[in-house]
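Encoded as structure tokens, the structure appears first; notes follow it.
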Amino acid sequence: MAEEKISREEVAHLAHLARLEVTDEEIDTFAVQLESILENVAKIAEVSDAGATPSSHNVTMTNVTRPDVVTASLDRDEVLAQAPAAEQDRFRVPRILDEE
Amino acid sequence: MTDLTRMTASELGAMIASGETSSVEVTRAHLDRIEKVDDEIGAYLHVSAERALAAAKAADDTVRTGKAPSPLAGVPIAVKDAFVTRGVPTTAGSRMLEGWLPPYESTVTTRLAEAGMVKLGKANMDEFAMGSTNENSAFGPVANPWNPQRTPGGSSGGSAAAVSAFEAPVAIGTDTGGSIRQPAALTGIVGMKPTYGTSSRYGVIAFSSSLDTPGPMARNVLDTALVQAAMSGHDPRDSTSLPAPVPDVVGAARLGAAQGISGLRIGVVRDLIAEGLQPAVKAQFDAAVQQLGDLGAEVTEVSCPHFAYGVAAYYLIAPSEASSNLARFDSVRYGLRVGDDGERSLEEVMSMTREAGFGPEVKRRIILGTYALSAGYVDQFYDKARTVRSLITADFDAAFGHVDVLISPTSPTVAYPLGTANTDPLSVYLLDLTTLPASLAGTPAMSVPIGLAEDPVADGQPLPVGLQIMAPHLQDDRCYLVGAALEAARDHACGGTFLDLAPAL
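Chains as they are written, first to last, in our numbering: chain A, 1 to 100; chain B, 1001 to 1505.
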């Protein structure tokens, strides 16, 4: 039996960090599946990385800037029409604080 | 009358340009075909009939002035639902975006429209491009036109099925870990992942930003080249877009078909002829290798020792980037909102919305990505995966010191039965072994159909097998050269085109 890589509690905690409500049933399923996935991906530890630099991209990245010139933006009404809720030309969000 | 839906894009473009037919007629023929077969196939999530006919009429008007903008003017195309299309529903296969009408348009679809192409509609896909079977679409799976009990592959499964079922002459998809090449292989069409950065990601709903690559899918190599040429090029709106010229892929496609590949050095990647490769797929691959030799290529075996770690690196990097990219679906500015009853907090509404809006594969990858990036694991997993990515790139560089292109089977299996994807995700992930190295290195790679393999489950006729051709960065033309030579030899041998072998729908 392989060493346990991920517990139910850890799955629930990760889901919370990702702002993802999960059911007990999903936690059970994900814990089993993620454990087998992590067991498999853990084999990258075998790779000898002498002399290799980790890369986040496969092309050379440089910072891209453009002249600070005002240009047209998206149409406000069109954008707000796609929002779940809008009020006074702004996005309306549920209350931020848990308590009054 | 000629069946316009059986013609290639280059033939249609020429017929429209010469006035032999019109874009409106061609578009109508495809809309009729969709009407006839798409209930069974499910390739489209949204068909924009009126918009398409209006665009077709505009294309006809332009052609009549003698100013056709490209050889594809008036030719219809299917667009994967990952591309943002202004005023046309765009969902990325997710409930999260159901009913969303984007206020802007992707660069790639803008360029195709400027080339005079006509968008037929939005093609079905795995939710947020996560999957290899198209069964993770929130709006139902797509059937493989060769056998409706089989998956077409994923995540560009709708695009692939639309092309192979003659519901569109060409399509565009996105390839993150193989999502163009694998469905192309499983449905018997050509699919190309261009060099990363040569086709813009502006307006492509992001899955894994360092890997996502828009690309063309078509029924032959020349059409694939024509679409790639039309969609590619530097885009100042995408900071990862390369300011480099795109090679002449159309010229290479014509050259490969006409002159073959005498003297070209081809390396068979030993490390991708691995466990899980179905014997019938291997037999087709071996026959194609033989054929490449007969065409005058020098074929040798090459070892790329880190390719075997591609799956592990990919399934750490892609979910990590996805967990970050998908944070934008927070119920505030667009998409779904659940639980906003005036009592719950923003955080509760966000969590409930994401629970309701995302399917299991997306949740699994968000959690996996959150894990790989969390303190204590980031060195062990994410950073190590980034190192493997460098080593895979170094393997490619070393191999391309000796050979001009690398080849492998595109997928280790033929199309598998519908209904298996979500029970054992790991086994589905392992099937991506062959396509992932080119994704991680950002090199161009094409899948071209090479033959049919006996169906291991034996519930239908033989199923398509694809061969993958990988080339160095910005040498996409080499994929076209080899793909076109193989295609010409195959068509000559069987006296027709590959999809002539498909059962009638």
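Where a beta carbon is used, it is the ideal one built from N, C-alpha and C, also for glycine.
Discussion item. Can you check whether the C-beta of glutamine 88 of chain A is within less than 7 Å of a C-beta belonging to chain B?
Written reply: no
Item to complete: Using a threshold of 7 Å, state whether the C-beta atoms of aspartate 1081 of chain B and glycine 1093 of chain B are closer than that.
Response: yes
Worksheet item: Is aspartate 1424 of chain B buried or exposed, if buried means 16 or more other CB atoms sit within 10 Å of its CB?
Response: exposed
Discussion item. Against chain A, with Cβ distances strictly below 7 Å, would leucine 1334 of chain B count as a contact?
Written reply: For clarity, residue 1334 of chain B is tyrosine in the given sequence; the question names leucine instead. Yes, tyrosine 1334 of chain B lies at the interface with chain A (some Cβ there is under 7 Å from its Cβ).
Worksheet item: According to the neighbour-count rule (16 or more other Cβ atoms, all chains shown, within 10 Å of its Cβ), is cysteine 1304 of chain B buried or exposed?
Response: buried
Discussion item. Just verifying my parser: in three-state terms, what is the DSSP assignment at alanine 1123 of chain B?
Written reply: strand
Item to complete: Could you tell me the distance, in whole angstroms, from the CA atom of glycine 1121 of chain B to the CA atom of glutamate 1301 of chain B?
Response: 43 Å
Item to complete: Give me the Cβ distance between glutamine 82 of chain A and tyrosine 1334 of chain B, rounded to the nearest whole Å; I'm assuming they're in contact under 8 Å.
Response: 5 Å
Discussion item. Between the alpha carbons of valine 1088 of chain B and asparagine 1325 of chain B, how many angstroms are there, rounded?
Written reply: 22 Å
Discussion item. Using beta carbons (cut-off 7 Å, strictly below), is glutamate 21 of chain A in contact with chain B?
Written reply: yes
Fill in: Unbroken alpha helix (DSSP H) run spanning lysine 5 of chain A, endpoints
Here lysine 5 of chain A belongs to no alpha helix (DSSP H), and DSSP marks it neither H nor E.
Worksheet item: What separation, rounded to the nearest whole angstrom, lies between the Cα atoms of valine 1170 of chain B and valine 11 of chain A?
Response: 42 Å
Discussion item. Please report the distance separating the alpha-carbon of arginine 95 of chain A from that of arginine 1344 of chain B.
Written reply: 7 Å
Discussion item. Check whether chain A comes within 7 Å of glutamate 1321 of chain B, counting only Cβ atoms and requiring the distance to be less than that.
Written reply: no
Worksheet item: Taking Cβ positions, are arginine 1389 of chain B and alanine 1313 of chain B nearer each other than 7 Å?
Response: yes
Fill in: Burial state of glutamate 1127 of chain B, where buried means 16 or more other Cβ atoms lie within 10 Å
buried
Discussion item. Is it buried or exposed, aspartate 1212 of chain B, if we count other Cβ atoms within 10 angstroms and call 16 or more buried?
Written reply: buried
Discussion item. With DSSP as the reference, identify every bridge partner of leucine 1406 of chain B, one or two as the case may be.
Written reply: B/Gly1267, B/Met1470
Item to complete: Spell out whether any CB of chain B is found under 7 Å from the CB atom of leucine 80 of chain A.
Response: no
Item to complete: Leaving aside the five residues before and after phenylalanine 1139 of chain B along the sequence, list all residues of the same chain whose C-beta is less than 7 Å from its C-beta, in chain order.
Response: Leu1045, Gly1093, Asn1124
Worksheet item: Does leucine 1391 of chain B get closer than 7 Å to chain A when you measure Cβ to Cβ?
Response: yes
Worksheet item: Based on Cα-Cα distance, which residue from B/Ala1168, B/Thr1240, B/Arg1254 lies nearest to alanine 943 of chain B?
Response: Residue 943 of chain B cannot be examined here, being either before or after the span of chain B that is shown, 1001 to 1505.
Item to complete: Note down the Cα distance separating histidine 113 of chain A from tyrosine 1371 of chain B, rounded to an integer number of angstroms.
Response: An answer regarding residue 113 of chain A cannot be provided, because it is not within the stretch 1 to 100 covered by chain A.
Worksheet item: Interface residues of chain A around proline 1444 of chain B at Cβ under 8 Å?
Response: Here the premise fails: no neighbours, minimum Cβ distance about 12 Å.
Worksheet item: If you count every other CB in all the chains shown that lies within 10 Å of the CB of proline 67 of chain A, and 16 or more means buried, which is it?
Response: exposed
Worksheet entry | Inter-residue spacing [alpha-carbon to alpha-carbon] between phenylalanine 1166 of chain B and aspartate 1379 of chain B | 48 Å
Worksheet item: Got a sec: is the Cβ-Cβ distance from valine 93 of chain A to anything in chain B below 7 Å?
Response: yes
Worksheet item: Of all Cβ atoms in chain B, is any one closer than 7 Å to the Cβ of histidine 57 of chain A?
Response: yes
Worksheet entry | C-alpha gap between threonine 1090 of chain B and leucine 1101 of chain B, whole angstroms | 6 Å
Worksheet item: Which first and last residues belong to the alpha helix (DSSP H) in which threonine 1387 of chain B is found?
Response: 1384-1399
Discussion item. Can you list, in chain order, the residues of its chain with a C-beta nearer than 8 Å to that of proline 1412 of chain B? Leave out the 5 residues immediately preceding and following it.
Written reply: Ala1274, Gly1276, Leu1277, Gln1278, Val1281, Leu1431, Leu1433, Thr1434
Worksheet item: With 16 as the cutoff for other CB atoms within 10 Å, does alanine 1516 of chain B come out buried or exposed?
Response: The structure shown does not extend to residue 1516 of chain B, since chain B is modelled only from 1001 through 1505, so no value can be given for it.
Discussion item. For alanine 50 of chain A, report the span of its beta strand (DSSP E) as first-last.
Written reply: Where alanine 50 of chain A is concerned, there is no enclosing beta strand (DSSP E), given that its DSSP letter is neither H nor E.
Fill in: Per-residue DSSP class, three states only, for serine 1018 of chain B
helix
Practice prompt. Can you tell me which of the three DSSP states threonine 1002 of chain B falls into?
Written response: coil
Discussion item. So for aspartate 1175 of chain B, helix, strand or coil by DSSP?
Written reply: strand
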